[in-house]
Each structure stands twice: as C-alpha cells, then as structure tokens.
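Asks:
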DNA sequence: GCTTTTATGCTGCAATGCAACAAAAATATT
DNA sequence: AATATTTTTGTTGCATTGCAGCATAAAAGC
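Residue numbers (my numbering), protein chains in the order written: chain A, 1099 to 1259; chain B, 1099 to 1259.
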C-alpha cells in the first residue's frame, strides 16, 4: 500500500512502469482477498491502464476487441464492477467513465479527481482533510455520510503551457 | 440572493411555499438577465420543484405528460440546459438526474449535495471552506480548477430514525 | 465424482442523451 | 406594418450507456 504523492500524471512519466505496477498491485490485492483476477478482468484493467484518461465502457470493449473476441457489454460491466468493488478502478460519475486507480490508496481514504478538460487526463489527490471537513459539515445537519464523490474539472499544469 | 442555512429539507416543511419561492426567484433571475422563462421551462422547473428528489429527464417527461402533450426528450433536455445555465437547476452526476435548486445561492458559491439513499431526498450545503481547500490542494499540483462536483451519499437525519 | 459456487456468454432491451433539420414564435429593422 | 433576424419549439431518428434473465462453462468444496 504505497502512498504516492498527490500529483497529476505528467505526460513524460514512465507509463509502462506505472501500468505494470498497477497490475502487480491488483494481483496482490486479489491474492490477499482471495479474489480472482481472471483474464477478462485483467484485460479490462489493462485497457484502462493504457492511459490516465477515463474510458467509457464501450471504449473498453473496443480496446479489447483488438486483442480478442469482442466481449459483450455486460461482460465488461461485470469486470468493471469487480474491479471497482476491489478498489482497483474508479468510476468518474461526471463522465460515465472508468479510470484505473494508479494510487494504491487504502479503500477507506477519500480521493478527489482532477479532470483536465483539455487533455482528458485525470489525477487523483488524497483529499483527507477537505473531504473530512465536508463530511463533518454534513454530519452537523444530521446527515450520515457514507460515500463521497468529488470531481474537479479544470486544466492540468501541462495543458496550461 | 437570500443565503439560506445549509440544511436538509425536513419532511414537514411548507413545501408549497418552498416551491412558490423558487418559482418567484426564477422569474426574478430571468428578468434580471433578460432570459425568457417560457411555459415549458417553467413547467420543467415546477416538475423538479414537486419534490426535493432529483428526477431523471424521463421522469420529468412523465410528469409533464400528465398536464400537457407529452414533450419529446430533447425538449426537456433543452429546458434543463437553460435552467442549469441560469443556476436554477443542478445536475446530480452520480444519479444522472436533475434537482431544482432550492437555495438561491449566487452562481459562484460552491455547493455540495447530500443524497439520502433511503428517501432519495437531496440537500445542499454551501461548502465554501471545504471546497476551497480542495481547490487549493488541486492548485498546489499545478491544476487550475474550474468546476467542482461534490456529492455525498448517506442517510438523512429523518431516515436514521 | 458430484455438488455448489463463481464466472462467462448470449439475447434482448430499458434508460439516457442528443444531432439535424423544420416550423413557429418572438425581436429587431427599415 | 412588413420584412428580416434571432430564439424557441417540434419531429424524426439514432447513438450511448447500462443491465436483466437465462444458459453454459469453469472452479472450488465435499
């Protein structure tokens, strides 16, 4: 459970390494939790790991179709569900799209997504204090928070240049 | 621009009043901005104001169909777009649904939505400091935030009883 | 080996959302 | 007022997202 720094993926980072790490991490998680990272699940994860852009379910299908028999939508949705349940993939609600988690944060920690509207890349920041204070504000109204979605759209450092 | 308190709508509040206020406010806003609150736009807003639950576009259609000729989806989407552009309606991303703004906050202020997963009601809290600190965290990574989506799912005070 | 659980495949369809063009209504212009 | 222009609404059609329900295959447990 490495705690990476809260950064936006730079365009020149070693992405092969980054993706390989994520796969290794996924294997680790599944082994620990006695879950099965089947070929399809792995393939879906790899498709998402091919970039730091969230992919729609049908984009995932298209990517998989290049390598194997085109999977039915439901197949991909099921794999995505599995991956999300195990904290390996996030759903970006404001885009109806899915993002491989490059962060290795523990399941409990709350993350915020930074979505660059120019290049489409998404960074995660571990937003502990801020979401904590949001949750507190909610609790003060008697509301019992369970799950937070924080998605910030804007322009990433690289695209501002 | 009344600044209401950050609360979850109680089940026993005077909803007729609450909805009437919102309509009056909408008229005011449109007058100020030289925008036209046409019959359809008003009807869509009224449909959303019938509850504090976000409605899907097709739920809005169903509601309107009870009163007038069933509008085509695109008609409702256009009205929703107009209402959102003028800050009268919010889109709840995690639900693909739309919520009449009962808040009268100014356009700039950032709000977080509290979504009760039991009764489906949604409250708004003006989440200034917290989202501010989120935005700051984002900026620290070089990201220029523009628009924030904060949606917190949980259980409202009333439903915990 | 057989049963039970888990995962995948297949067919079909519901829900969401919008593009492109046509008609109508409101506004502006001379 | 008549015409031109802009804004809004209507119509048709379709793309995208998402999943239900049942059948089959593979893996795990006894």
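Even glycine gets a Cβ: it sits at the ideal position worked out from N, Cα and C.
For residue 1161/A, collect the residues of the same chain with a Cβ closer than 8 Å to its Cβ; drop the 5 residues on either side in sequence, then sort them by chain order.
Replies: Cβ within range, chain order: 1145, 1148, 1153.
Asks: Helix, strand or coil, according to DSSP, for residue 1101/B in the structure here?
Replies: Caution applies to residue 1101/B, whose pLDDT of 41 falls short of 50 and renders its modelled position unreliable; the model cannot decide the point.
Asks: Please report how far the alpha carbon of residue 1130/B lies from the alpha carbon of residue 1119/B, in whole angstroms.
Replies: Each residue's alpha carbon lies about 16 Å from the other.
Asks: How would you label residue 1194/A, buried or exposed, when you count the other beta carbons within 10 angstroms and need 16 or more for buried?
Replies: Exposed is the call here.
Asks: Find the residues of chain A that neighbour residue 1245/B, judging by a C-beta separation of less than 8 Å, and give them in chain order.
Replies: Within 8 Å Cβ-Cβ: 1250, 1251, 1252.
Asks: Per DSSP, what kind of secondary structure is residue 1215/B in: helix, strand or coil?
Replies: In the structure shown, residue 1215/B sits in coil (DSSP, three-state: anything other than H, G, I, E or B).
Asks: Report the neighbours of residue 1105/B on chain A: residues whose CB is nearer than 8 Å to its CB, in chain order.
Replies: In chain order: 1239.
Asks: Buried or exposed: which applies to residue 1136/B, given that a residue is buried once 16 or more other Cβ atoms fall within 10 Å of its Cβ?
Replies: The residue in question, residue 1136/B, is exposed, as its Cβ has fewer than 16 Cβ neighbours within 10 Å.
Asks: Would you identify the three-state DSSP class for residue 1153/B, choosing helix, strand or coil?
Replies: Strand.
Asks: When you compare the CB of residue 1109/A with every CB in chain B, is at least one pair closer than 8 Å?
Replies: So no, residue 1109/A is outside the interface.
Asks: Under 8 Å by Cβ, that's how I've got residue 1210/A and residue 1159/A pegged, so tell me the actual separation to the nearest angstrom.
Replies: With a Cβ gap of about 28 Å, residue 1210/A and residue 1159/A do not count as contacting.
Asks: Using 10 angstroms around the beta-carbon of residue 1196/A, count the other beta-carbons present and answer buried if the total reaches 16, otherwise exposed.
Replies: Buried.
Asks: Would you give the residue range spanned by the beta strand (DSSP E) that residue 1189/A belongs to?
Replies: Start and end: 1187-1190.
Asks: What separation, rounded to the nearest whole angstrom, lies between the Cα atoms of residue 1214/B and residue 1241/B?
Replies: Distance between the alpha carbons of residue 1214/B and residue 1241/B is about 31 Å.
Asks: Could you pull out every residue in the same chain whose Cβ sits closer than 8 Å to the Cβ of residue 1127/A, ignoring the five residues on either side in sequence?
Replies: Same-chain partners within the cutoff: 1133, 1184, 1185, 1186.
Asks: In angstroms, rounded to a whole number, what distance separates the CA positions of residue 1179/A and residue 1173/B?
Replies: If you take the alpha carbons of residue 1179/A and residue 1173/B, they lie about 34 Å apart.
Asks: Would you kindly report the start and end of the unbroken beta strand (DSSP E) that includes residue 1221/B?
Replies: 1220-1224 is the extent of the beta strand (DSSP E) around residue 1221/B.
Asks: Pull the bridge partners of residue 1172/A from the DSSP assignment, please.
Replies: Looking at the DSSP assignment, residue 1172/A forms no beta bridge with any residue, so it has no partner.
Asks: So, with DSSP's three-state summary, where would you put residue 1229/B?
Replies: Helix at residue 1229/B.
Asks: Residue 1202/A to residue 1188/B, Cα distance in whole Å?
Replies: Distance between the alpha carbons of residue 1202/A and residue 1188/B: 33 Å.
Asks: In this structure, how does DSSP classify residue 1114/A when only helix, strand and coil are distinguished?
Replies: DSSP places residue 1114/A in helix when its eight states are reduced to three.
Asks: How about residue 1212/A and residue 1224/A: are their beta carbons less than 8 Å apart?
Replies: Cβ atoms of residue 1212/A and residue 1224/A: not closer than 8 Å.
Asks: Cβ of residue 1164/A less than 8 Å from any chain B Cβ?
Replies: Closer than 8 Å: no.
Asks: I need the straight-line Cα distance from residue 1170/A to residue 1139/A, nearest angstrom please.
Replies: In a straight line, the C-alpha of residue 1170/A is about 13 Å away from that of residue 1139/A.
Asks: To which residues of the same chain is residue 1192/A closer than 6 Å at the C-beta, ignoring the five residues directly before and after it?
Replies: These residues qualify, in order along the chain: 1249.
Asks: Name the chain B residues whose beta carbon is nearer than 8 Å to that of residue 1233/A?
Replies: Correct list: 1250.
Asks: Counting along the chain, where does the alpha helix (DSSP H) carrying residue 1243/B start and finish?
Replies: Segment 1242-1253 is the beta strand (DSSP E) holding residue 1243/B; no alpha helix (DSSP H) there.
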